[in-house]
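Some notes on the structure that comes next.
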Amino acid sequence: MTVVQHSVQKTGDIAALLLDRYDRHARDLPWRKRPGHGAPDPYHVWLSEIMLQQTTVAAVIPYFHIFTQRWPDFTALAACDDADVMAAWAGLGYYARARNLLRCARAVVQDHGGMLPDQEKALLSLPGIGPYTAAAIAAIAFDRRAVVVDANIERVASRLFAIATPLPRAKPDIYQRVDTITPAQRPGDFAQAMMDLGAGICSVKAPSCPICPLQHHCMAWQAGNPEAYPVKPAKKAKPVRTGTIYWVRKGGRVWLVRRPDTGMLGAMRALPDDGWNARENGHGLPPFDASWTFLPKSVSHIFTHFALEITIAVTAWGEKADPPLEGEWWDVNSLDKAGLPTLFSKAAKEAFALGET
DNA sequence: CACACGTGGTC
DNA sequence: TGACCAAGTGT
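Each residue of the first sequence is one higher than the one before, counting from 37 in my numbering.
In structure tokens form, the structure reads like this:
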């Protein structure tokens with residue numbers, strides 16, 4: 037046997053070992069259900085992949101059930117009101133995903149006859165679908181051979197081949213290595229097997245190497261330092277910003293606004309604020325003239341790139357006319373149905389708890 | 001390429 | 001308890 041043949045044999049072994057483990061230990065996830073005996077519903081695969089971007093499986097599952105029951109296919113989702121989807125997405129984070137979800141569903145209905153394209157390149161042109169998601173959908177929903185690389189697979193591959201180049205410079209190398217071990221048969225199961233391995237065995241900390249099916253192929257294990265991979269750059273410090281949120285009560289109702297379509301928490305319902313953002317503190321000026329009282333307890337919230345310390349100002353609106361700020365009155369007892377981002381839910385809970393309603 | 005963009009879980 | 005991180009994409 038030549039060296040080249042041996043190498044091909046080894047990489048083939050890796051796929052076979054992973055698929056064998058997947059056949060016995062695949063996680064039972066709702067989007068993996070197969071209506072017939074073929075691949076899962078492409079709508080389910082697409083929806084789950086968008087929800088799973090930078091989000092844990094446990095967080096996604098309840099949202100996936102709600103969305104698929106309420107909007108069972110592309111046609112139903114494309115026809116619904118934007119505000120309903122944004123509210124249903126509340127709490128899941130990265131709200132641009134929800135905006136792109138709707139844009140994508142409408143493009144599928146209008147430009148693709150209600151059917152998701154089955155080619156990686158066509159998928160890539162749709163809103164919210166990047167290189168990872170296009171490859172994942174092509175492989176999982178349509179059984180196309182595609183090189184799927186997410187953070188799990190990056191970690192598995194960087195350990196398997198002991199890739200010492202720091203991310204993101206290592207990405208081209210990782211992509212090539214994953215290409216090498218991706219099989220022509222069952223590419224979708226292979227991708228999911230890699231992700232299951234990364235989530236369950238080849239974990240960030242304290243990987244379970246003794247029970248790993250790839251242990252004897254793994255260069256990092258042979259070197260005794262799997263946790264050293266992948267090599268990542270240092271994190272930047274988060275600035276701390278301060279700001280104010282305004283609680284405008286009228287009887288049992290509170291005044292809600294809608295945030296601009298772009299930027300942080302874009303298109304989401306919200307409480308009025310004083311313009312705080314990642315780069316600067318809020319200006320502290322109320323949105324309109326009223327008798328404001330400041331609650332004694334502040335609310336802190338951590339975003340990806342900054343921390344926020346929020347003061348809550350409350351007022352009882354006694355005028356007959358609505359406040360001079362575009363918005364709507366919302367029943368305080370059904371605020372959970374307003375679909376507020378978590379930061380505003382926390383502030384609302386604080387205002388409510390302190391008896392300001 | 002670097003940064004903006006949420007949230008909840010983990011140790 | 002604070003740092004780290006998760007099935008990334010858009011600009």
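Yeah, the Cβ is synthetic: ideal placement off N, Cα and C, and Gly gets one too.
#### Entry: Cα-Cα separation between residue 380 and residue 78, rounded to whole angstroms
34 Å
### Query
Where does residue 286 fall in DSSP's three states?
strand
### Task
Can you give me the Cβ contacts of residue 324 inside the same chain, cut-off strictly under 8 Å, excluding the 5 residues immediately before and after it?
359, 360 and 361
### Query
When burial is assigned at 16 or more other CB atoms within 10 Å of the CB, is residue 126 buried or exposed?
buried
### Task
Tell me whether the beta-carbon of residue 280 lies closer than 8 Å to the beta-carbon of residue 234.
no
### Query
So, is residue 38 buried or exposed, given that buried needs 16 or more other C-beta atoms within 10 angstroms?
For residue 38, the pLDDT reaches just 35, beneath the cut-off of 50, and the residue's location in the model is therefore unreliable, although a value from the coordinates is still provided. It is exposed - the Cβ of residue 38 has fewer than 16 other Cβ atoms within 10 Å.
### Query
According to DSSP, is residue 225 helix, strand or coil?
helix
### Rounded straight-line distance, which links the Cα of residue 387 to that of residue 284
10 Å
### Task
Entirely within the stretch 246-319 and at least 4 residues each: give me those alpha helix (DSSP H) ranges in chain order.
255-259
### Message
At the level of alpha carbons, what is the spacing between residue 198 and residue 173?
### Response
28 Å
### Three CB pairs or more closer than 8 Å across the stretch 166-180 and the stretch 62-81
yes
### Message
I'd like the span of the alpha helix (DSSP H) that includes residue 156, first residue to last.
### Response
156-160
### Message
Within the continuous alpha helix (DSSP H) that includes residue 102, where are the two ends?
### Response
93-106
### Message
At the level of alpha carbons, what is the spacing between residue 289 and residue 364?
### Response
9 Å
### The beta strand (DSSP E) enclosing residue 344, as first and last residue numbers
343-352
### Task
Express the C-alpha separation of residue 303 and residue 140 in angstroms, rounding to a whole number.
16 Å
### Query
Straight-line CA distance for residue 157 to residue 353?
54 Å
### Message
Considering only their Cβ atoms, is the gap separating residue 133 from residue 164 smaller than 8 Å?
### Response
yes
### Message
Measuring straight from C-alpha to C-alpha, what distance separates residue 122 and residue 247?
### Response
42 Å
### Message
My output table needs one value for residue 338: the three-state DSSP class, helix, strand or coil.
### Response
strand
### Message
Given a cut-off of 8 Å on the beta-carbon distance, is the pair residue 213 and residue 55 in contact?
### Response
no
### Query
What did DSSP end up calling residue 330 once you bin it into helix, strand or coil?
strand
### Query
Are there 16 or more other CB atoms within 10 angstroms of the CB of residue 57, so buried, or fewer, so exposed?
buried
### Query
So, using beta-carbon positions, are residue 378 and residue 349 closer together than 8 Å?
no
### Query
Can you tell me whether DSSP reads residue 364 as helix, strand or coil?
strand
### Task
Go ahead and label residue 135 buried or exposed: buried means 16 or more other beta carbons lie within 10 angstroms of its beta carbon, across all protein chains shown.
buried
### Query
Does the stretch 328-348 come close enough to the stretch 263-276 to have 3 or more Cβ pairs within less than 8 Å?
yes
### Query
Contact between the stretch 202-220 and the stretch 147-162: three or more CB pairs below 8 Å?
no
### Query
Whole-angstrom Cβ separation of residue 181 and residue 124, contact assumed at under 8 Å?
In fact, because the Cβ distance is near 34 Å, the residues do not count as touching under 8 Å.
### Euclidean distance between Cα positions of residue 106 and residue 115
12 Å
### Proximity to residue 267 [Cα-Cα], best of 179, 148 and 193
193
### Task
State yes or no: is the C-beta of residue 295 within less than 8 Å of the C-beta of residue 306?
yes
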